[in-house]
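Peer 1: Using numbering that gives the first Met the number 0, the first residue of the sequence shown is number 0, and each one after it goes up by one.
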Amino acid sequence: MAKKVQSLQRAMKILRLFSLHRPYLGISEISRELNISKGTIQGMVQTLSDEGLLRKDPATRKYLLGLDLYELGVVVAGSLELNQKASAPANQLAKRTQRLISVAVRDNNTALITLDAYPRVEPFISRHFEPRRPLYCTAIGKSMLVAMNDSELEDYLDATKLLPYTVNTITKRQLLLAEVHEARLRGYAINRAEHTLTRGGIGAPILQRDGKLAGSIAIVISPDQITANEDRLSSEVKNAAAEISRYMGYFKEIAERMR
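#1: Going residue by residue through the region 175 to 228, where are the continuous beta strand (DSSP E) segments of at least 3 residues, counting only ones entirely within it?
#2: Return the first residue and the last residue of the alpha helix (DSSP H) that Ala-116 is part of.
#3: Leaving out the 5 sequence neighbours to the left and right, which residues in its chain are closer than 6 Å to Phe-17 when beta-carbon positions are compared?
#4: If you draw a straight line from the C-alpha of Gly-214 to the C-alpha of Thr-159, how long is it?
#5: Would you mind sorting Ala-177 into buried or exposed? The rule is 16 or more other CB atoms within 10 Å of its CB.
#6: Based on the DSSP secondary-structure assignment, which residues constitute the bridge partners of Tyr-62?
#7: Taking the straight line between their C-alpha atoms, what separation do you get for Leu-19 and Thr-109?
#8: Roughly how far, in whole angstroms, is the beta-carbon of Tyr-305 from the beta-carbon of Ile-201, given that I think they are within contact range, below 8 Å?
#9: Count the other CB atoms within 10 Å of the CB of Lys-171; is the residue buried (16 or more) or exposed (fewer)?
#10: Among Tyr-62, Leu-99 and Ala-103, which one has its Cα closest to the Cα of Leu-81?
#11: Leaving out five residues before and five after Asn-167 in sequence, what residues of the same chain have Cβ atoms less than 7 Å from its Cβ?
#12: By DSSP's criteria, Ser-101 is part of a beta bridge. Which residues make up the other side?
#13: Report the residue from Ser-27, Ser-48 and Tyr-23 whose alpha carbon sits nearest the alpha carbon of Ala-10.
#14: Under DSSP, the alpha helix (DSSP H) around Pro-88 begins and ends at which residues?
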């Protein structure tokens, strides 16, 4: 039994090596990354390929994630209650603002984007960035910090190293706490090119029936356009977050009675 569990753990580690920045991997690369013999990796990769979780590129002879994983991902995204409740408001918000809208859930101290809504219908590659984002330097992530109580926020900061993604990233704990406090007062969070220099955002938390965090929603905007559009877009994103929260069963009076 222990050997089977170890094999499963290794298989999961292999799958997690793949990313948008590294979609192709060879046996030698996987072996080197995981410090496991090439013979063992070859057998595991073959099994994953047989099950549709990996596929071999005939041109490079390297491996990519399999289409069965995509199918499973679609099932997960479609079955999330937050996605079901947020889909219509997010798409309406995208049309009104003519900007990309993202919805995310908190997972392992990160924001995992589960839904994107686009202002146009022309076909194009929808995902240019990894779906998992830090909480402390993105609008969709900071929105989750806004919904945390002080104890939860301190626990998050204790467990998180504030790395500088750009020159604008807030890496000092007290400055980030001050930023979150201001965001709580206004009801929305702002990312001013803190994670990626070419992207900013305005986001707000989505609450569930008991008043706790269900997820967050954010408008993606060019950093140099934030100041001129902040009032209008912050109002839009807060209204969308409130609408989705109601669909999730959140009503302030009920939530306060449940505490």
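Glycine included, C-beta positions come from ideal geometry on N, C-alpha and C.
Peer 2: According to the structure shown:
#1: You should have 188 to 195, 198 to 206 and 212 to 220.
#2: In the sequence shown, counting from the first residue as 1, residue 116 sits at position 117. Ala-116: not part of any alpha helix (DSSP H); member of the beta strand (DSSP E) spanning 109 to 116, first to last residue.
#3: Indexing the sequence shown from 1 puts residue 17 at position 18. Apart from sequence neighbours up to five positions away, the residues of its chain that approach Phe-17 with a beta-carbon distance below 6 Å are Leu-64, ordered along the chain.
#4: For the purposes of this step, residue 214 is taken as the residue at position 215 of the sequence shown. For the purposes of this step, residue 159 is taken as the residue at position 160 of the sequence shown. Per the coordinates, the alpha-carbon of Gly-214 lies some 19 Å from the alpha-carbon of Thr-159.
#5: For the purposes of this step, residue 177 is taken as residue 178 along the sequence shown, with counting starting at 1. Its Cβ having fewer than 16 others within 10 Å, Ala-177 is exposed.
#6: The sequence position of residue 62 within the sequence shown is 63, counting from 1. Paired residues: Leu-24 and Lys-55.
#7: By one-based count along the sequence shown, residue 19 stands at place 20. By one-based count along the sequence shown, residue 109 stands at place 110. Leu-19 and Thr-109 have their alpha carbons spaced roughly 17 Å apart.
#8: Outside the modelled stretch of the chain, which goes from 0 to 258, sits residue 305, for which no answer is possible.
#9: Mapped onto the sequence shown, residue 171 falls at position 172. Sixteen is the threshold: since fewer than 16 other Cβ atoms of the shown chains lie within 10 Å of the Cβ of Lys-171, the residue is exposed.
#10: One-based indexing of the sequence shown puts residue 81 at position 82. The shortest CA-to-CA distance from Leu-81 to any of Tyr-62, Leu-99 and Ala-103 is the one to Ala-103.
#11: Here residue 167 is taken as the residue at index 168 of the sequence shown, counted from 1. So the qualifying residues of the chain are Arg-191, Ala-192 and Glu-193.
#12: Translated into the one-based positions of the sequence shown, residue 101 becomes position 102. In DSSP, Ser-101 forms a bridge with Asp-115 and Ala-217.
#13: Position 11 of the sequence shown, counting from 1, holds the residue named residue 10. Ala-10 has its Cα closest to that of Ser-48, out of Ser-27, Ser-48 and Tyr-23.
#14: The residue given as residue 88 occupies position 89 in the sequence shown. First-last of the alpha helix (DSSP H) with Pro-88: 80 to 96.
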